[in-house]
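When you read off a place in the sequence shown, starting at 1, and then add 48, the result is the number in my numbering.
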Amino acid sequence: MVARPVSYGRGAPVTLVVHGLGATEGEARIPASGLPGTRVVLTLPGHGSAPDAPPDYWDYAALARDVLSAADEAGATRAVGVSLGAGALTRIAAEHPDRFDRLALLLPAALDEPRGATATRAYERLADAVALAASDGGAKLREILAADVPPGVDVGDHVERRARALLRLEDALRTLPRRCPLDDAAVLAPVRSDVLVIAAEGDPMHPTEVAETTAAAFPRARLEVLPSAAPMLTHRRELRALLTGFLG
Numbered sequence: 049m050v051a052r053p054v055s056y057g058r059g060a061p062v063t064l065v066v067h068g069l070g071a072t073e074g075e076a077r078i079p080a081s082g083l084p085g086t087r088v089v090l091t092l093p094g095h096g097s098a099p100d101a102p103p104d105y106w107d108y109a110a111l112a113r114d115v116l117s118a119a120d121e122a123g124a125t126r127a128v129g130v131s132l133g134a135g136a137l138t139r140i141a142a143e144h145p146d147r148f149d150r151l152a153l154l155l156p157a158a159l160d161e162p163r164g165a166t167a168t169r170a171y172e173r174l175a176d177a178v179a180l181a182a183s184d185g186g187a188k189l190r191e192i193l194a195a196d197v198p199p200g201v202d203v204g205d206h207v208e209r210r211a212r213a214l215l216r217l218e219d220a221l222r223t224l225p226r227r228c229p230l231d232d233a234a235v236l237a238p239v240r241s242d243v244l245v246i247a248a249e250g251d252p253m254h255p256t257e258v259a260e261t262t263a264a265a266f267p268r269a270r271l272e273v274l275p276s277a278a279p280m281l282t283h284r285r286e287l288r289a290l291l292t293g294f295l296g
C-alpha cells in the first residue's frame, strides 16, 4: 500500500476518510470533523506526505485496493470519500457488497462512464497549467484555481496550497478523466450499506446528474444537494451536519 493513513480520536466506530484529487492535508481532514470514534484519514499517493504514485497507478482498481487495505488494517466499518475517494469506495462496494455498514460519497465525479466533455476540458487545462509551471512558476495554475473560488469567500492560502498539491499530479489529471469506477452500475444492486450521496449544485467537475445516478444505483441511498459549486469551501457547517447526522 502506498497510501498513508493517519488516525484521530479513539474507540468505535472506526471511519475511513478518503480525499479527492489534489486535496491539501487540511482539506482531507474536513469530512472527518465532528465524527465520533476513530477517524482514519487516508492520504493518497502524490499528496501531502505520501510518496509519489508509481507508474500507471491512476486507475480505480489500484485505488480501491489501497483504500480497502487501509480500511482492513484500521478495522473501519464506515467510510467517507470525496470525488476520487468516492469513486474508490464505490468500486470497493461493488466488489465487496457487505464491507461497510455506512458510506458517505461526497461529490462523485464518475460512475460507469468517463467524465463528460466539460469536466475533461477542465482537467486538461489544469494538466497543461501544471506542465507550464516549470516556465511560469505556476502562475497559470494559480489563476485557474483562483477563478474557481466563490466570490466573497476568504480561503486564506488555499489556492497556493492546492497549486503545490497539483504540481505532483499531472499524470493523474490526464489519466482519470478517461477512467470510471465501474463498467456497469447494476453491480451495485447487492450492496446493503446505508449510503449518503452529497452533491454540489453547479460544479462542472462533479455534475449533480452523476450524484443522482450514483444514489439511484445503491438500494439504500439518499441524495442531498448543497446549493453551492464549492461546498467544501462555502458550506462546511451544513456538510458537517449531514455527515455527523448520518455517521454520528
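Where is the CB? At the ideal position from N, CA and C, for every residue including glycine.
Assigned secondary structure, residue i (DSSP; H/G/I helix, E/B strand, else coil)
{"i": "Ala127", "result": "strand"}
{"i": "Ser183", "result": "helix"}
{"i": "Leu274", "result": "strand"}
{"i": "Ala9", "result": "The question about residue 9 has no answer here: the residues shown for the chain are numbered 49 through 296."}
{"i": "Ala248", "result": "strand"}
{"i": "Glu161", "result": "coil"}
{"i": "Ala237", "result": "coil"}
{"i": "Asp219", "result": "helix"}
{"i": "Gly70", "result": "coil"}
{"i": "Pro225", "result": "helix"}
{"i": "Leu83", "result": "coil"}
{"i": "Val258", "result": "helix"}
{"i": "Asp232", "result": "coil"}
{"i": "Pro279", "result": "helix"}
{"i": "Gly135", "result": "helix"}
{"i": "Ala195", "result": "helix"}
{"i": "Asp176", "result": "helix"}
{"i": "Gly96", "result": "coil"}
{"i": "His206", "result": "helix"}
{"i": "Ala60", "result": "coil"}
{"i": "Val115", "result": "helix"}
{"i": "Gly293", "result": "helix"}
DSSP bridge partner residues for residue i (one or two, in chain order)
{"i": "Asp242", "result": "Arg150"}
{"i": "Val39", "result": "This structure cannot speak to residue 39, because the chain is shown only from 49 to 296."}
{"i": "Ala269", "result": "Val243"}
Residues near residue i in its chain [Cβ-Cβ closer than 7 Å; skip 5 each side]
{"i": "Leu295", "result": "Thr63, Leu83, Arg126, Arg150, Ala152"}
{"i": "Arg226", "result": "Pro162"}
{"i": "Pro99", "result": "Val50, Pro93"}
{"i": "Arg58", "result": "Thr86"}
{"i": "Val258", "result": "Pro156, Ala157, Ala158, Leu159"}
{"i": "Ala181", "result": "Leu189, Leu215"}
Assumed close pair residue i, residue j - CB separation to whole angstroms, cut-off 8 Å
{"i": "Asp251", "j": "Ala278", "result": "7 Å"}
{"i": "Ala136", "j": "Val115", "result": "5 Å"}
{"i": "Leu159", "j": "Pro229", "result": "6 Å"}
{"i": "Glu73", "j": "Thr91", "result": "7 Å"}
{"i": "Ala146", "j": "Arg240", "result": "For the record, residue 146 in the displayed sequence is Asp; it is not Ala. With a Cβ gap of about 6 Å, Asp146 and Arg240 count as contacting."}
{"i": "Ala233", "j": "Ala265", "result": "4 Å"}
{"i": "Glu218", "j": "Ala179", "result": "6 Å"}
Own chain residues within Cβ distance below 6 Å of residue i, not counting five before or after
{"i": "Gly123", "result": "Val62"}
{"i": "Arg190", "result": "Val207, Ala211"}
{"i": "Leu111", "result": "Ala136"}
{"i": "Ala101", "result": "Pro93, Gly94"}
{"i": "Ala194", "result": "Val207"}
{"i": "Ala263", "result": "Val245, Ala269, Leu271"}
{"i": "Leu236", "result": "Ala142, Ala265, Phe266"}
8 Å CB neighbourhood of residue i in its chain, flanking five on each side removed
{"i": "Leu287", "result": "Ile78, Pro79, Leu154, Ile246, Leu274, Pro279, Met280"}
{"i": "Val203", "result": "Val197, Leu281"}
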